[in-house]
Each structure stands twice: as structure tokens, then as C-alpha cells.
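Trainee: Going down the list, the protein sequences come from chains F and X.
Take -12 as the starting number for the first sequence in the numbering used here and just add one per residue.
Take 5 as the starting number for the second sequence in the numbering used here and just add one per residue.
Here it is, the structure, as C-alpha cells.
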Amino acid sequence: MPFRNSLTIRQKHILWAWSFLALPVLFYVVIRFYPTGNAIVLSFQNWNLLSDRTWAGAENYIKLWNDEVFWKVFKNTFVYLLLGTPFSLVISFFIAFHLDRVRFMHGFIRMMYFLPFMTSAVAMAWVWRWFYQPVPVGIFNNILATFGIPQINFLNSTTNALPSVLAPAVWAGLGFQVIIFMAGLRAIPTSYYEAARIDGVSGFTILTQITIPLLKPTIIFITVFSSIGFLRIFDHVFNMTTNNPGGPLNATKPLVLMIYDTAFNGFDMGYAAAQTVVLFTVLLCVSLLQLYLLRDR
Amino acid sequence: MTATDIRPTTDGLLTASKTPIKRSYGQYIRWLLLFLGGIAMVMPIAWMISTSLKWPHEVYNLKLIPDEPTIENYTYVLEDGRFYGWFLNSIVIAMVTTISNILFDSLVGYTLCKFKFPGRYIIFIAILSTLMIPTEMLVIPWYIMSQTFGWLDSYWGIMFPGLMTAFGTFLMKQFFETVPDDFLEAARIDGLNELQIWWTVAMPLVKPALAALAIFVFLGNWTAFIWPLIVTNSPEMYTVPVGLSSFGDEADVAWELIMTGAAISTIPTLIVFIVFQRFIIRGVVMAGLKG
């Protein structure tokens, strides 16, 4: 083949590289970048899927700003984040710290903590929904009843519903965080601890002066990873409140559920797209914050 | 010494700590509390399975072990027929997506790692930047696209967004860094072309990473909810999570049947986990830290 032989080795190399990348590049352009641009453009338009798209300027964003439900949902989303992240961080660190010091049945105990991570959110949302039912159905209220404690209205109360929906999400993610924390703990050289022990430093001081500062990259990673997860919460909320998604009275509704509702029940595509742009901006800030905190000094 | 020097590691993760442990009462209490905590963690799963094995009249007693275990619920749910279909849909979709990710993520990761060519840096940054784009932002344009091309309510419609992932690409790129260039050069001298070198020389050397990627992609697609919920209309096209969600909604009071459906969707992944446990945990750390 004369054409092939006329190429230098370097040219052939480049040709191979681009032939390997051709299809993936097409995929990323069509399935990732074009839709991103499309969502941003759509957020400045009005469209109900049937009629023509019309330009709306900033109308959707103004509507969002004046929408009481949006602010309620925005607040809920951050309540999920601000409750979920610190709770799961502290619990998983506590478990990892102690599990690291246990040898008997170490693998088995670790497996028990990790197992929920392998479950499907939809299936477990239904299991927890069942737990939360009033007597005689729900386990939690049955246990309370056994001890003569008044019943708790978990899912039908505007104050209790959000933490109740959050609990299975925290539960499912703990195992992952425990494993990452344990990997972080293992990376700390034992010589630091030995030096501290020789100096007669107390266990609490070792924890606050050695362990936690050296775990900083791990802590930042887990914080950002779980923050993004809680900001995008959907499966649990949707499945635990199917009779009234996001209810009662929007008390559990997160941003993603509002997006889903606006787009696929209300068919107000432009308005939903504006909400996705807000979500994107929030997630982008969290990711950039991670890059900033982890930057090399 | 700066704090950022120390990165988590998989070294020795699968065994208990080597630091000396004193035998003391404190140590026994520590073990006991951790063990009880672990029991609490698996309780929801245990209750789900236990209830799926109970007769309706037993559901409301709180025994973990049913008095008269029955597989009646499983027979009922499976005879209903829909779960078979959902199960099959989920398996096909998860398998095809996994194979696609294994092939394309590793091919792109390999190319970005081992080839020098103009545009390499731009492609790298472009793919990296897609990690910042949340799925939820893309579902509306994907839906419009599916509607335009008639992909709604089809396997292709459910699968197409996940055929390649930036996460998998970077995971594989990291692992191809560990493959020595000399190996590839030797194969080149032996007259293999670049496609053969990738497939027969480089790929076998990153098998652990490929397996980790396969498990993540499979699990991710098996449990995926929001996109399959949006793109499917007819119950025959539902995946297991979407089917379970609609099933739970209609069987609102028959908790033993809902638990059976939940168990059917969960048990396969639990079996995979228990069989490949060490492997998956190592993979989680590798992926979490390198991806």
C-alpha cells in the first residue's frame, strides 16, 4: 500500500490515535457537550414539547427567583447536604477509626458495614418506607409501642419527613466512606504514632494533632463526594413519597425532584432547564472548592 | 512535612492494622460495639429478606425468623410475569453498557496515556470536564433527542447515555500508566499493529482495573433510576428499579410482596459482593482515589 508506506512512523502513530478516538470523541460531543449547551440555551426559552420553542430571555430565571416552591426546594436541598454530610462523615470516621484497631473477625465486620452500599436505592427506599409506617405495620413505631413511647409520625409530618428520607441515604453511603477512611488511616506511617507514644502524648492529642491533620485529603474527598451525592438526592425521596412526590407540602422535595416534576409532569421544559442550570452551578462550586482545597502548596 | 503528602492507599487494606493492640476490656467493648453496629447496618436487608419469606398474616409480627417460611411470595411475584421482563431488561442493559465501557473507556484511556499526538491535551481536558456535568442537567436534552430520533421506550434509549464514562476513562488511564512502554515497543518490533498491541499486550496487564470498572458500571446501571424512569413509558420496557417503584405504588399495602420485589432486585448484587468481596473493596478504594 503506497499511501501507508509514504507516512512516517510518527504520522502513523497520530493516525492510530485519532482512529481510536474518533468514535469516543463523537460520543462526548453529541451525548455530553451538545446536551449541556442545549440545556443552557433551553433555559432561556419557553417550550412545552408540542408548540414551537420561543425565546424567553431571562424570564425562566426571574420566575425561579419569585417561585416560593423553588426557594423551599433550594432550602431542602441544602438541608439534605448540611444534615447528611456532617453526620455521615463523623459516623464513618468513628467506625473506621475503631474498625482499624480490631482484628478479630475484621473482614466480616467490615462486610456488614459495606453491604448496604451494594443495594439499590429504590429497593431500600421501599424497605425504609415500610419501617416508618404507623403501627401495626412499621417496625420503628412497633418498637416504640413496645416500650410505651408515643408514636412518631415519620413520613407524613412536615418536620420529620426530611430526616426520615435522608436516613436511608446516609445508611447506604456509610460503608463506602468507612472503606475510604480506612485506606486513609493505613497511609499514615506508623512511625509518627511511635514517636508520639515515646513522647508520652495522650490518645486524644494523637487524634487531633496527627491523625486528623494527616487525613485532610481523605476528609476533603469524602466531604465533596458525599456533598455532591446529597445535593443530587432523588431516588430515595421519589420512592418514599410516591403517593405525593416531595411531600408532605414539599417538605422533602429536593431540586432534582422539582426538575423532574417541571419537565416530565408539567412539560415546562425551559423552566426545568433553568433549574438544571442552578443545580449545575451549585455542583460546580462544590467541585471547584475541592480543587481549591486540594491544590498543591 | 505538609498534610497533603499523605494519600490513602490500598496497601494492606484487606487485613487488620499491624499496629500492636493491647488486650484490654476496652478492646473487647470496642469489638462488641462495632459488631452490634454492623448488625444494625444489615438489619434493613435482613428484614427485607425475612418479610419476603413470610405469609401475609405473619408480616406484622416482628420476628426476624418467620415461623412458617414460605416462598409463596416469590412464586406470586414471579408468576405475575412482569419481574421476569424487568430482570431481563436490566441484565441486557447492564451487560451491554458494561462491555461498552470496558472497551471504549480503556481504549480512550490507553490512547491518552500511551500516544503522543496533537490535540491530546485538549481531549484530555474536555473529557475530564464532563465529570462536572450532572446527569440531571442532561436528562432533558437526552429526552428531546430520544423523542426526535424515536429512541423513547427502547433498550438503546435507556443505554445510550452511559455507553462511555469519563470516570472509567480516567480510571483506565491511571492504570495504563503502570504498563511499561518497553512491553509495547517490543510488541511493535514483533510486528503487531497498534490495535493488537492494545488488545493483546496492554489489556491483559490491567485486568484488575478492568474488573473493578466492570463491577462499578454494572452496579451503576443495575440500580440506575432517574433516566430509565424518564425514557420508558410502557411497563414491558421498565428496568428493575423502575418496575419495582411502580409495583410498590400499586401494591401499597401488601408489604410482603413489595419486600419480595425489593429482595429480587437486591439479592443478585449482594451475591456478587459476597463472592468478590475483597476484590470489590480494593476496587472501591482504587476507583475512589484514582478515578
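We put the CB at the ideal spot given by N, CA and C, even for glycine.
(1) Check each candidate in 39(F), 114(F), 255(F), 135(F) and name the one with the smallest Cα separation from residue 144(X).
(2) Mind checking the segment 247 to 279 of chain F against chain X and listing, in chain order, the residues whose C-beta falls within less than 8 Å of any C-beta there?
(3) With DSSP as the reference, label residue 33(F) as helix, strand or coil.
(4) Check distances from the C-beta atoms of the segment 182 to 196 of chain F to those of chain X and list, in chain order, the residues that come in under 7 Å.
(5) Under 9 Å between the Cβ atoms of residue 172(X) and residue 110(X)?
(6) Does the distance from the CB of residue 45(X) to the CB of residue 117(F) come in under 9 Å?
(7) In chain order, what residues of the segment 164 to 196 of chain X put their CB closer than 7 Å to some CB of chain F?
(8) Can you tell me whether DSSP reads residue 42(F) as helix, strand or coil?
(9) Just verifying my parser: in three-state terms, what is the DSSP assignment at residue 287(F)?
(10) Determine, using beta carbons only, whether residue 66(X) comes closer than 9 Å to chain F.
(11) Could you round the C-beta distance between residue 241(F) and residue 143(F) to whole angstroms and report it? I think they count as a contact, below 8 Å.
(12) Contact criterion: CB-CB distance below 9 Å. Does residue 253(X) meet it with respect to chain F?
(13) Using a cut-off of 8 Å between C-beta atoms, extract the partners of residue 121(F) located in chain X.
(14) Could you please tell me which residues of the segment 197 to 208 of chain X, in chain order, have their CB closer than 9 Å to any CB of chain F?
(15) Following the continuous alpha helix (DSSP H) through residue 69(X), name the residue where it begins and the one where it ends.
(16) Can you find a CB in chain F that lies within less than 9 Å of the CB of residue 120(X)?
(17) Strictly under 9 Å for the Cβ-Cβ distance: is residue 263(X) near chain F by that measure?
(18) State the Cα-Cα distance for the pair residue 161(F) and residue 106(X), rounded to the nearest angstrom.
(19) What is the residue span of the alpha helix (DSSP H) that residue 94(X) lies within?
(20) For the segment 78 to 91 of chain F, list every residue whose C-beta sits within 7 Å of some C-beta in chain X, in sequence order.
(21) For residue 31(F) and residue 162(X), what's the separation of their Cα atoms in angstroms?
(22) Evaluate contact between the segment 193 to 212 of chain X and the segment 222 to 230 of chain X, counting only Cβ atoms and requiring at least three cross-stretch pairs below 8 Å.
(23) Measure the CB-CB distance between residue 219(X) and residue 280(X) and report whether it falls below 9 Å.
(24) Would you say the beta carbon of residue 142(X) is closer than 8 Å to some non-hydrogen atom of the ligand FAD?
(25) Could you tell me which of 121(X), 288(X), 244(X), 265(X) sits nearest to residue 79(X), measuring between CA atoms?
(26) Assuming contact is defined by CB atoms lying nearer than 9 Å, are residue 42(X) and residue 169(F) in contact in what I supplied?
(27) Check the Cβ-Cβ distances between residue 25(F) and every residue of chain X, and say whether any is below 9 Å.
(28) Can you pull the chain F neighbours of residue 245(X), defined as C-beta to C-beta under 7 Å?
(29) Determine, using beta-carbon pairs with one atom in the segment 64 to 79 of chain X and one in the segment 124 to 143 of chain X, whether at least three such pairs fall under 8 Å.
(30) On the three-state DSSP scale, how would you describe residue 209(X)?
(31) Where residue 164(F) and residue 145(F) are concerned, what is the direct C-alpha to C-alpha distance, given to the nearest angstrom?
(32) Given a cut-off of 9 Å on the beta-carbon distance, is the pair residue 40(X) and residue 51(X) in contact?
Mentor: In this structure, then:
(1) 255(F)
(2) When CB distances to chain X are screened at a threshold of 8 Å, the residues of the segment 247 to 279 of chain F falling below it are 247, 250, 251, 256, 259, 260, 263, 264, 266, 267, 270, 271, 274, in chain order.
(3) strand
(4) none
(5) With respect to the 9 Å criterion, residue 172(X) and residue 110(X) are classified as neighbours on the basis of their beta carbons.
(6) no
(7) 164, 165, 167, 168
(8) It is a strand residue.
(9) Residue 287(F) lies beyond the stretch modelled for chain F, which goes from -12 to 284, so this question has no answer here.
(10) It does: the Cβ of residue 66(X) has a partner Cβ on chain F nearer than 9 Å.
(11) Between residue 241(F) and residue 143(F), the beta carbon gap of about 18 Å keeps them out of contact (Cβ cut-off 8 Å).
(12) yes
(13) Within chain X, no residue comes near residue 121(F); the closest Cβ sits about 12 Å away, beyond 8 Å.
(14) Taken in chain order, the members of the segment 197 to 208 of chain X whose beta-carbon sits within less than 9 Å of a beta-carbon on chain F are 197, 198, 199, 202.
(15) DSSP places residue 69(X) in no alpha helix (DSSP H); its state is neither H nor E.
(16) Yes, residue 120(X) lies at the interface with chain F (some Cβ there is under 9 Å from its Cβ).
(17) yes
(18) 28 Å
(19) First-last of the alpha helix (DSSP H) with residue 94(X): 86 to 118.
(20) 82, 85, 86, 87, 88, 89, 90, 91
(21) 27 Å
(22) no
(23) yes
(24) For the structure depicted, the ligand FAD is absent and the ligand set is empty, with no information on it obtainable.
(25) 265(X)
(26) Contact: no.
(27) yes
(28) Residue 245(X) reaches chain F at 107, 109, counting residues in chain order whose Cβ is nearer than 7 Å.
(29) no
(30) In the structure shown, residue 209(X) falls within a helical segment according to DSSP collapsed to helix, strand and coil.
(31) 30 Å
(32) Not in contact: residue 40(X) and residue 51(X) (Cβ atoms no closer than 9 Å).
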